[in-house]
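Peer 1: Okay, here's the structure, questions in a sec.
Number of protein chains: 2
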Amino acid sequence: MNRIFQSEQEAAAVLRDAGLKATPQRLAILRALSGDVTHPTAQELYERLATHFPALSVATVYNTLAALTRVERCRPLDLGGPARFDPNVAPHDHAVCERCGEIRDVKAAETRPKPRALTGFSVRRVEHIYRGLCAKCAGT
Amino acid sequence: MNRIFQSEQEAAAVLRDAGLKATPQRLAILRALSGDVTHPTAQELYERLATHFPALSVATVYNTLAALTRVERCRPLDLGGPARFDPNVAPHDHAVCERCGEIRDVKAAETRPKPRALTGFSVRRVEHIYRGLCAKCAGT
DNA sequence: TTATCAATTGATAATGAATCTAAATTACGA
DNA sequence: TCGTAATTTAGATTCATTATCAATTGATAA
Ligand SMILES: [Zn+2]
Ligand SMILES: [Zn+2]
Ligand SMILES: [Zn+2]
Ligand SMILES: [Zn+2]
Numbered sequence: 003m004n005r006i007f008q009s010e011q012e013a014a015a016v017l018r019d020a021g022l023k024a025t026p027q028r029l030a031i032l033r034a035l036s037g038d039v040t041h042p043t044a045q046e047l048y049e050r051l052a053t054h055f056p057a058l059s060v061a062t063v064y065n066t067l068a069a070l071t072r073v074e075r076c077r078p079l080d081l082g083g084p085a086r087f088d089p090n091v092a093p094h095d096h097a098v099c100e101r102c103g104e105i106r107d108v109k110a111a112e113t114r115p116k117p118r119a120l121t122g123f124s125v126r127r128v129e130h131i132y133r134g135l136c137a138k139c140a141g142t
Numbered sequence: 003m004n005r006i007f008q009s010e011q012e013a014a015a016v017l018r019d020a021g022l023k024a025t026p027q028r029l030a031i032l033r034a035l036s037g038d039v040t041h042p043t044a045q046e047l048y049e050r051l052a053t054h055f056p057a058l059s060v061a062t063v064y065n066t067l068a069a070l071t072r073v074e075r076c077r078p079l080d081l082g083g084p085a086r087f088d089p090n091v092a093p094h095d096h097a098v099c100e101r102c103g104e105i106r107d108v109k110a111a112e113t114r115p116k117p118r119a120l121t122g123f124s125v126r127r128v129e130h131i132y133r134g135l136c137a138k139c140a141g142t
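Read top to bottom, the protein sequences are chains A and B. Counting in this note's numbering, the first sequence runs from 3 upward without gaps. Counting in this note's numbering, the second sequence runs from 3 upward without gaps.
Here it is as structure tokens:
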């Protein structure tokens, strides 16, 4: 589960515990991302924050997301197009709507398939991507 | 299985059957890709062909790969980084080595996991990506 | 507090992938 | 052989991301 940080203090503690300086930019980015279930891109986060944080730079958003990734506070997703960032670092899969682009979390498949013919290859993690149409786009 | 076209004639027939003009560029790209098991990028194909085909342009490689994708003769892969192209259009999965980048075909998982909590979402296709270390990189 | 200093920031440049443009060429059917 | 629409090409263009680096600032200790 991803947690929404109620207080700056709580968010600041997370950063310091991870050995990162608690700057206002990082606090804002961490708080914005942690409550977000849409798997936003760096650009989207930037635009959302820039309104109330005029001096923020995209470079800082990228830097912070990379730092948060390093300390396991988020995880980048390569689904085609710009990278997306997921505050939910627990193992789970994704359903991607091919029409509207919505990305939905999917509980990790209970049956993690064990592929055959993978001799010699040591699997560290498995990614499952379900591509199709979300309820809205499917018409019904 | 992906087939290696022995003759230009055979490759030309494939293109025409798909409603595509059989240009020398397309023939070269189709033949180069069809025997390739490494999931090359557009750039890699371009470099490989440019040696014996000096006037070839990258734009043509991209155009041709898009055309071949439209007629189901190849399939683009988004695994992070530049798009890769797979001449094997039969359903199968991929194992990606996190050290050397090798991408290996994996027989489609026999147990296509049926995710729960996917209510309303109509799945068209599922992608499985196994990330880890190939035999060479795993040391032993 | 204040001083110190390495970490961080932000503006901008640089890179890389992919697409677009428009003019020149060409496959192929008449 | 000719005419024409499809295709190719080089270069410009867009978009995502990373690199650069001087200026700023958070954390720590005096
Ligand atoms: Zn949708
Ligand atoms: Zn997710
Ligand atoms: Zn390897
Ligand atoms: Zn493959």
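The beta carbon of each residue, even a glycine, is placed where N, CA and C say it ideally should be.
(1) For proline 84 of chain A and phenylalanine 87 of chain B, what's the separation of their Cα atoms in angstroms?
(2) Does at least one heavy atom of ligand 4 sit under 7 Å from the Cβ of aspartate 88 of chain B?
(3) Would you check whether ligand 3 has a heavy atom nearer than 7 Å to the C-beta of leucine 135 of chain B?
(4) Run through chain B and tell me which residues come within less than 8 Å of phenylalanine 123 of chain A, C-beta to C-beta.
(5) Taking Cβ positions only, does valine 128 of chain B come closer than 8 Å to chain A?
(6) Please report the straight-line C-alpha distance between asparagine 90 of chain B and cysteine 76 of chain B, rounded to a whole angstrom.
(7) By the criterion of Cβ-Cβ separation under 7 Å, what are the contact partners of aspartate 88 of chain B in chain A?
(8) So, using beta-carbon positions, are alanine 30 of chain A and alanine 14 of chain A closer together than 8 Å?
(9) Whose Cβ in chain A lies nearer than 9 Å to the Cβ of leucine 81 of chain B?
(10) Assign glutamate 46 of chain B to one of three DSSP states: helix, strand, or coil.
(11) Tell me, to the nearest whole angstrom, how far the beta carbon of alanine 34 of chain A is from that of leucine 51 of chain A; I am working on the premise that it is less than 8 Å.
(12) Do glycine 134 of chain B and valine 125 of chain A have their CB atoms nearer than 8 Å?
(13) Between which two residues does the beta strand (DSSP E) containing aspartate 19 of chain A stretch?
(14) Can you tell me where the alpha helix (DSSP H) with alanine 97 of chain A in it begins and where it stops?
(15) Between histidine 96 of chain A and ligand 2, is there a pair consisting of the residue's CB and a ligand heavy atom that are separated by less than 7 Å?
(16) Along the alpha helix (DSSP H) that carries valine 60 of chain A, what are the first and last residues, could you check?
(17) Just mark glutamate 100 of chain A as buried or exposed, buried being the case when its beta carbon has 16 or more other beta carbons within 10 Å.
(18) Using the Cα positions of alanine 44 of chain B and tyrosine 64 of chain B, report the straight-line distance between them to the nearest angstrom.
(19) What three-state label does DSSP hand proline 78 of chain A in the structure shown?
(20) My guess is that glutamate 129 of chain A and isoleucine 131 of chain B are in contact by the Cβ rule of under 8 Å, so how many angstroms apart are they, rounded?
(21) So which of B/Cys139, B/Ala140 and B/Thr121 has the shortest CA-CA distance to alanine 140 of chain A?
(22) When the Cα of glycine 103 of chain B is compared with those of B/Gln11, B/Phe123 and B/Ala137, which residue comes out closest?
Peer 2: In brief:
(1) Cα to Cα, the separation comes out at about 19 Å.
(2) At least one heavy atom of ligand 4 is nearer than 7 Å to the Cβ of aspartate 88 of chain B, so yes.
(3) For leucine 135 of chain B, the shortest separation between its Cβ and any heavy atom of ligand 3 lies below 7 Å.
(4) For phenylalanine 123 of chain A, the chain B residues whose C-beta falls within less than 8 Å of its own C-beta are Ala97, Cys99, Arg106, Tyr132, Gly134, Leu135, Cys136, Ala137 and Ala140, listed in chain order.
(5) For valine 128 of chain B, the nearest CB of chain A lies under 8 Å from its own CB, placing it at the interface with that chain.
(6) Approximately 6 Å, taken between the alpha carbons.
(7) Within chain A, no residue comes near aspartate 88 of chain B; the closest Cβ sits about 14 Å away, beyond 7 Å.
(8) The Cβ atoms of alanine 30 of chain A and alanine 14 of chain A do not sit closer than 8 Å to each other.
(9) Residues of chain A with a Cβ closer than 9 Å to the Cβ of leucine 81 of chain B are, in chain order, Asp80.
(10) Glutamate 46 of chain B falls in the helix class under three-state DSSP.
(11) So it is a contact: roughly 6 Å between Cβ atoms.
(12) Contact flag set, yes.
(13) Element bounds for aspartate 19 of chain A: not the beta strand (DSSP E) but the alpha helix (DSSP H), 10-19.
(14) Per DSSP, alanine 97 of chain A belongs to no alpha helix (DSSP H); it is in the beta strand (DSSP E), 94-99.
(15) Yes, Cβ of histidine 96 of chain A sits closer than 7 Å to a heavy atom of ligand 2.
(16) That run of the alpha helix (DSSP H) goes 60-72.
(17) Only exposed fits glutamate 100 of chain A, as fewer than 16 other CB atoms lie within 10 angstroms of its CB.
(18) Going by the C-alpha atoms only, they are around 6 Å apart.
(19) Proline 78 of chain A falls in the strand class under three-state DSSP.
(20) Under the criterion of beta carbons closer than 8 Å, glutamate 129 of chain A and isoleucine 131 of chain B qualify as touching, at roughly 4 Å.
(21) The residue with the shortest Cα to Cα distance from alanine 140 of chain A is B/Thr121.
(22) When C-alpha distances from glycine 103 of chain B are compared across B/Gln11, B/Phe123 and B/Ala137, the shortest belongs to B/Ala137.
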